[in-house]
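Per the numbering used here, the sequence shown runs over residues 897 to 1074. Remarks on the structure that follows.
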Amino acid sequence: MNLLTFSIETKRLILQPANIKYAEDIFRNFNSEITTFMYPKPAEKIEETIQFIENSIQEMEKGENYQLIINKKETNEFIGCIGLHNLTDEIPELGIWIKKEAFGNKYGFEAIKELTNWAVRQKKWQKLKYPVDKRNISSRRIPERLNGVIVKDFKSINMAGSELDQVEYEISLIKEFI
897 MNLLTFSIET KRLILQPANI KYAEDIFRNF NSEITTFMYP KPAEKIEETI
947 QFIENSIQEM EKGENYQLII NKKETNEFIG CIGLHNLTDE IPELGIWIKK
997 EAFGNKYGFE AIKELTNWAV RQKKWQKLKY PVDKRNISSR RIPERLNGVI
1047 VKDFKSINMA GSELDQVEYE ISLIKEFI
């Protein structure tokens, strides 16, 4: 399967491969408020965002990562980014961020659920991991709604130098989620 041409649709969203045309949206919305409980830090220059997208495209070509843009289906409005990382590992890792203006609509759950269902259909993995800071309650609800189980509790320092107090959920890929 060519990850660069494959999109995923949900009831309200389209998840499509990372593309340079979204550089400005990502740069503007992936800010310090969004990354408070995340490992990465926001780009200081748009060139850093462009480099991230170019790297993502190369990793998709190699089958290492599946990095997607989240858009509203009806309006094509940019909502955020989602990824399934380390595809060659036994347990790939889910990651997501949603722009602030889209909070409270459960877009994160909808996108993660459908990307998880895609992973089930691939029949390559038994489970996925979903690391999240304990303080990020809305993000923790996502793996919990998918019957995720906490398998790890750890602290780390993010790229901005702040401490993260994380748990890692594992989500079983036995069957698709409805």
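Note that CB positions come from ideal geometry on N, CA and C, so glycine has one too.
When the options are compared against residue i, the one with the closest alpha-carbon
i: Q1018; options: T984, N1032, D921; result: T984
i: L1060; options: K995, R1031, Y962, R1041; result: R1031
i: I965; options: Y918, N1001, W1021, H981; result: Y918
As assigned by DSSP and simplified to three states, the class of residue i
i: W993; result: strand
i: I1019; result: It is Lys, not Ile, that sits at residue 1019 in the sequence shown. K1019: coil per DSSP, three-state reduction.
i: Y935; result: coil
i: D985; result: coil
i: K907; result: coil
i: L1069; result: coil
i: G1077; result: No statement about residue 1077 is possible, as the shown extent of the chain runs from 897 to 1074 and does not include it.
Own chain, CB closer than 6 Å to residue i, minus 5 neighbours either side, in chain order
i: E1010; result: I904, T906
i: S928; result: P938
Residue i, buried or exposed, once every other Cβ within 10 Å from all chains shown has been counted against 16
i: Q963; result: buried
i: G959; result: exposed
i: E955; result: buried
Contact set for residue i: own chain, Cβ-Cβ below 7 Å, skip 5 residues either direction
i: K1071; result: V1016
Note to self: Which complete beta strand (DSSP E) runs does the segment 1037-1066 hold, if anything under 3 residues is left out?
What the structure shows: Within the segment 1037-1066, the complete beta strand (DSSP E) runs of at least 3 residues are 1045-1053.
Next item on the list: Mind listing, in chain order, the continuous beta strand (DSSP E) runs of no fewer than 3 residues lying wholly within the segment 947-977?
Entry: 962-968
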